[in-house]
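Working notes for the structure below.
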DNA sequence: AAAATGATGCAAGTGAGTTGCAAAGTTTAT
DNA sequence: ATAAACTTTGCAACTCACTTGCATCATTTT
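Right, dumping it as structure tokens:
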């Protein structure tokens with residue numbers, strides 16, 4: 002397990018420090034997108050700025066992607082195998098207004114969107130808000 | 002013109018004060034979504050918190066809708082006639098990475114999204130990022 | 001005309017995100 | 001193996017958008 006995570010980092014030229022492995026492991030275990038603060042709470046010993054920089058590092062290497070779900074807390078979630086966070090394999094996110102959790106709806110691909118002439122899509126942030134299955 | 006704006010407010014049980022009419026007029030004249038600061042700059046005499054509350058009032062009455070475009074500045078744009086900001090007439094937004102402007106792509110409706118079982122959609126925040134036609 | 005209600009402006013607070021810098025830990029070259 | 005170079009980490013402090021409390025002013029109701 003840890004070997005796998007370690008490789009994931011090495012493959013992206015990220016030094017697999019203890020901290021980074023812990024954060025990556027934590028992210029792997031979630032079935033929802035988490036905020037910097039969620040991670041802070043999970044690792045009370047760790048410093049906010051270290052975690053912040055760790056997340057930015059992961060994000061730059063496309064190991065995770067971030068979602069602005071409207072809560073004011075940027076959320077992070079693991080990219081799936083092959084997810085290059087490019088328009089092609091973009092997915093929707095769902096934010097539950099009740100439990101306040103944000104999930105990746107990875108099974109639903111965003112359809113190709115017919116943009117106006119000359120517009121070029123580079124990234125997207127798609128958040129659907131409502132009530133999730135558990136809270137319903 | 003002003004009469005029309007005044008009616009728009011009255012129809013939504015909002016007192017048409019001078020300030021509110023000015024802000025509504027300003028919003029009507031834009032072809033892009035604007036931030037609180039954009040409005041602050043347009044009306045140097047007005048106070049930030051007044052403008053803030055004005056926007057919240059408009060938003061609550063569904064006269065305008067807000068978009069988180071990832072810039073860290075919440076943007077506001079007029080709802081179109083009949084736009085109730087409900088899932089049905091939801092549209093995409095486009096944020097240009099070059100000129101940093103955010104537009105409503107009102108001509109493109111968001112398709113019905115097949116959510117997981119028991120999930121209920123209430124609102125959405127759809128932002129496509131890239132290069133707009135003018136900057137291309 | 002007085003009381004109640006609502007809008008506005010100022011100042012100050014909140015809080016997520018971010019940065020500078022020094023200390024600790026790693027790697028590389030000698 | 002050791003010193004020099006580089007990277008990561010932790011602390012503190014800062015930024016900046018947004019938000020709130022409260023007193024004042026305006027408007028509406030009684």
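Protein chains in written order, with the working numbering: chain A, 2 to 137; chain B, 2 to 137. No residue lacks a Cβ here, since even glycine has one placed at the ideal position from N, Cα and C. Remember, it's a predicted structure, so these values are computed and weren't measured experimentally.
*In angstroms with no decimal places, state the Cα-to-Cα distance between residue 45/A and residue 35/A.*
Rounded to whole angstroms, residue 45/A to residue 35/A spans 15 Å at the Cα level.
*Counted within 10 angstroms of its Cβ, other Cβ atoms place residue 108/B as buried (16 or more) or exposed*: Exposed.
*Can you name the residues that DSSP bridges to residue 67/A?*
Paired residues: 77/A.
*Does any residue of chain A bring its CB to less than 9 Å from the CB of residue 95/B?*
So, interface residue.
*Per DSSP, residue 50/A forms a beta bridge with which residues?*
For residue 50/A, DSSP assigns no beta-bridge partner whatsoever.
_Opposing strand residues paired with residue 124/A [DSSP bridges]_ = Residue 124/A has 130/B as its beta-bridge partners, per DSSP.
*Look up residue 8/A in the DSSP assignment and give the residues it is bridged to.*
Beta-bridge annotation (DSSP): residue 8/A is not paired with any residue.
*Grouping DSSP H, G and I as helix and E and B as strand, with all else coil, what is residue 106/B?*
Residue state, collapsed to three classes: strand.
*Under a Cβ-count criterion, where at least 16 other Cβ atoms within 10 Å of its own Cβ denotes burial, should residue 115/B be classed as buried or exposed?*
By the 10 Å Cβ count, residue 115/B comes out exposed.
*Report yes or no: is there a C-beta of chain B within less than 9 Å of the C-beta of residue 30/A?*
Not closer than 9 Å to any Cβ of chain B, the Cβ of residue 30/A fails to qualify, so no.
*Does the count of Cβ pairs from the segment 26-34 of chain B and the segment 48-55 of chain B closer than 8 Å reach three?*
Output reads no: the segment 48-55 of chain B does not touch the segment 26-34 of chain B.
*Report all residues from its chain with a CB closer than 7 Å to the CB of residue 81/B; omit the five preceding and five following residues, and keep chain order.*
Closer than 7 Å at Cβ, skipping near neighbours: 107.
_Using the Cβ count rule (16 or more neighbours within 10 Å means buried), how would you classify residue 69/B?_
By the neighbour-count rule (16 or more Cβ atoms within 10 Å), residue 69/B is buried.
*asked:* According to DSSP, simplified to helix, strand and coil, what is residue 111/A?
replied: It is coil, neither helix nor strand.
_Three-state secondary structure (DSSP) of residue 59/B_ = DSSP, read as helix, strand or coil, puts residue 59/B in helix.
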